[in-house]
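> In order, the protein sequence lines correspond to chains F and P.
If you read the first sequence in UniProt numbering, its first letter stands for residue 1, the second for the next number, and so on.
If you read the second sequence in UniProt numbering, its first letter stands for residue 1, the second for the next number, and so on.
Just so you know, even glycine gets a beta-carbon here, dropped at the ideal spot from N, CA and C.
This is the structure I want to talk about, given as structure tokens.
Number of protein chains: 2
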Amino acid sequence: MNQPARRQPDRTRQTLLECAFEEMHRSGFRAASLDAILESSGVTKGALYHHFGSKTALGYAVVEEVVRPWVEASWRPVLEAGDCIAAAVAVCQELTRQRTVRAIEYGCPFNNLINEMSPVDEGFRKRLQQILDDWREGIVAALRKGQAQGVVRADVVAEDAAAFIISAVEGCVGMAKSKRSREFLESGMRGLIAYLETLRSRSSR
Amino acid sequence: MNQPARRQPDRTRQTLLECAFEEMHRSGFRAASLDAILESSGVTKGALYHHFGSKTALGYAVVEEVVRPWVEASWRPVLEAGDCIAAAVAVCQELTRQRTVRAIEYGCPFNNLINEMSPVDEGFRKRLQQILDDWREGIVAALRKGQAQGVVRADVVAEDAAAFIISAVEGCVGMAKSKRSREFLESGMRGLIAYLETLRSRSSR
DNA sequence: CAGCGTTCATACTGGTTGGTATGTAACGAG
DNA sequence: CTCGTTACATACCAACCAGTATGAACGCTG
Chain F
1 MNQPARRQPD RTRQTLLECA FEEMHRSGFR AASLDAILES SGVTKGALYH HFGSKTALGY
61 AVVEEVVRPW VEASWRPVLE AGDCIAAAVA VCQELTRQRT VRAIEYGCPF NNLINEMSPV
121 DEGFRKRLQQ ILDDWREGIV AALRKGQAQG VVRADVVAED AAAFIISAVE GCVGMAKSKR
181 SREFLESGMR GLIAYLETLR SRSSR
Chain P
1 MNQPARRQPD RTRQTLLECA FEEMHRSGFR AASLDAILES SGVTKGALYH HFGSKTALGY
61 AVVEEVVRPW VEASWRPVLE AGDCIAAAVA VCQELTRQRT VRAIEYGCPF NNLINEMSPV
121 DEGFRKRLQQ ILDDWREGIV AALRKGQAQG VVRADVVAED AAAFIISAVE GCVGMAKSKR
181 SREFLESGMR GLIAYLETLR SRSSR
């Protein structure tokens, strides 16, 4: 039994965020039903509207407090690794390997939200853009570091490569949603890995 | 004046498809309001339900009769060109150049529909998957032809490269939706073009 | 223990949406 | 001209959904 009458406002809020994230991942933000979130979280409507002023405010909180850390965590290895290309390849391989068919169908929450919400809600757009900017800056820094180390070719334009790599990853995961199998995702990722290898300087092969 | 009482069922149907396409492009399929489509097309609900059995059926027809030709037309140059790499580069440049800021915000209809509808509606998923398969097969054929001509490196895995190229294009257009400016799209595309050049065989440079 | 703000619970509402029932006018066949 | 089918038009409905009003129970403070 969970304590029936005990109050844990922070935990209630966190549960709400997590259940909202999952519902948004499955259905998208606009089609996400508050009733469904309330049912899966075991929270009532009064509690929800105590913690969040509106459905939109809940969505913003999910972006800031769930999606953002999730994106950051997935690429931290690349930013911290010695050989950023090898680390990126490893992340790409991990991305496909541990992904269930279910996860392939639902895709990347970050990509989903950009595609759904950016054109129709400025608050979502700004928050998602900020996450994208930070991600891109991280990749740029990693590539520059790699260039200083002699791992990455000096003629690579870091900004362009970073935008391209992020786009390719999200594009692969997105396109794979229309396929039932893992094949497309794996194939696209092999293409990406082949590209990443072209960024390596001859001296570090 | 358009003929007030004259009947043009084929034209009515076509108008409906085009207006539905635009509304779906702006709002997505599920958030697309039939009333909005009816208003922009000047057609009444009775006429709509005469031509299409349901909103879903209308959506399927839009995919088959508007989205599919649109996707096919955008890549035909690559499939027919002599130098498929040069043609692909040209398509990418054209893709960014002629695109208005408005079009950047709303993104690619094909990508939008895959991301929104594939997980939640099997009928959409199958139709979109078929378009993706055909697109990919086209690129594979173009790459193979390029390899036979000595334009494309022989060690390129055509299936992987095709999946990767399509994903990268759609990823760039998708990510750019979260940015107001053209910068990200152009930057990602420069990265893509740099990648496309790596596919070229040394003998054809 | 008294009092009060925080945290939640329940019932209800107004608006929107996809869909339908019913009617009518155009159109082609004979 | 007649008649049945096609192609629309209008009015209405049931479902769903975000949001609100109201109130009660908890729990900290003094």
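Output needed for ALA36/P: all residues of its chain with C-beta closer than 7 Å, excluding positions within five of it in sequence on either side, in chain order.
GLU23
> Kindly indicate which three-state DSSP category VAL62/F falls into: helix, strand or coil?
helix
> Excluding the five sequence neighbours on either side, which residues of its own chain have a C-beta within less than 8 Å of the C-beta of ASN115/P, listed in chain order?
Hits under 8 Å: GLY174.
> Does the structure place the stretch 138 to 149 of chain F close enough to the stretch 141 to 150 of chain P that three or more beta carbon pairs sit under 8 Å?
no
> Would you check if the stretch 44 to 53 of chain P and the stretch 89 to 100 of chain P touch, i.e. whether three or more CB-CB distances between them fall below 8 Å?
no
> DSSP on VAL152/P, reduced to helix/strand/coil?
strand
> If we count Cβ pairs, one from each stretch, closer than 8 Å, do we get three or more for the stretch 191 to 199 of chain F versus the stretch 163 to 170 of chain F?
yes
> Taking the alpha helix (DSSP H) that ARG102/P belongs to, which residues open and close that run?
Counted as a single uninterrupted DSSP element, the alpha helix (DSSP H) harbouring ARG102/P occupies residues 101 to 106.
> Please list the partners that MET24/F has in chain P, where partner means a Cβ-to-Cβ separation under 7 Å.
Per Cβ cutoff of 7 Å: no residues; MET24/F is ~12 Å from chain P at best.
> Check each residue of the stretch 103 to 124 of chain F: if its Cβ is closer than 8 Å to any Cβ of chain P, include it; give the result in chain order.
GLU105, TYR106, GLY107, ASN111, ASN112, ILE114, ASN115, GLU116, SER118, PRO119, VAL120
> Counting pairs of Cβ atoms below 8 Å between the stretch 98 to 108 of chain P and the stretch 10 to 20 of chain F, do you hit three or more?
Because the criterion of three Cβ pairs below 8 Å is not met, the stretch 98 to 108 of chain P and the stretch 10 to 20 of chain F do not touch.
> 9 Å is my cut-off, CB to CB: does VAL169/P come that close to chain F?
yes
> Closer than 9 Å, CB to CB, is ILE139/F near chain P or not?
By this cut-off, ILE139/F is not an interface position.
> For SER178/F, is the classification buried or exposed, using 16 other Cβ atoms within 10 angstroms of its Cβ as the cut-off for buried?
By the neighbour-count rule (16 or more Cβ atoms within 10 Å), SER178/F is buried.
> Going by DSSP, what residues sit across from ARG200/P in a beta bridge?
VAL152/P
> Which runs of the alpha helix (DSSP H), 4 residues or longer, sit entirely within the stretch 103 to 177 of chain P?
Runs found: 109 to 117, 122 to 149, 158 to 176.
> What residue from SER201/F, GLY138/F, LEU113/F has the CA that sits closest to ASP155/F's CA?
SER201/F
> Hey, would you say the C-beta of ALA32/P is under 8 Å away from at least one heavy atom of the ligand SAH?
By its list of ligands, the structure shown contains no ligand whatsoever, and the ligand SAH lies outside what it can speak to.
> Can you give me, in chain order, the residues of the stretch 146 to 164 of chain P that have a beta carbon less than 9 Å from any beta carbon in chain F?
VAL156, VAL157, GLU159, ASP160, ALA161, ALA162, ALA163, PHE164
> Go through its chain and collect everything with a Cβ distance to CYS84/P's Cβ below 6 Å, but skip five positions before and after it.
VAL78, ALA142, GLY146
> For TRP70/F, I'd like the list of residues in its chain whose CB is within less than 8 Å of its CB, leaving aside the five on either flank, ordered along the chain.
The residues PRO109, PHE110, in chain order, have a CB closer than 8 Å to that of TRP70/F in the same chain once the five nearest residues on each side in sequence are set aside.
> Which of the three DSSP states, helix, strand or coil, is assigned to ALA81/F?
coil
> Out of GLY59/P, GLN8/P, LYS45/P, GLY46/P, which has the shortest C-alpha to C-alpha gap to HIS25/P?
Per the Cα distances, GLY59/P.
> Whose C-alpha, out of VAL140/P, SER118/P, ALA103/P, ASN112/P, is nearest the C-alpha of ALA103/F?
Nearest in C-alpha terms to ALA103/F, of all of VAL140/P, SER118/P, ALA103/P, ASN112/P, is SER118/P.
> For a test of the three-state rule: what should DSSP assign to LEU185/F, helix, strand or coil?
helix
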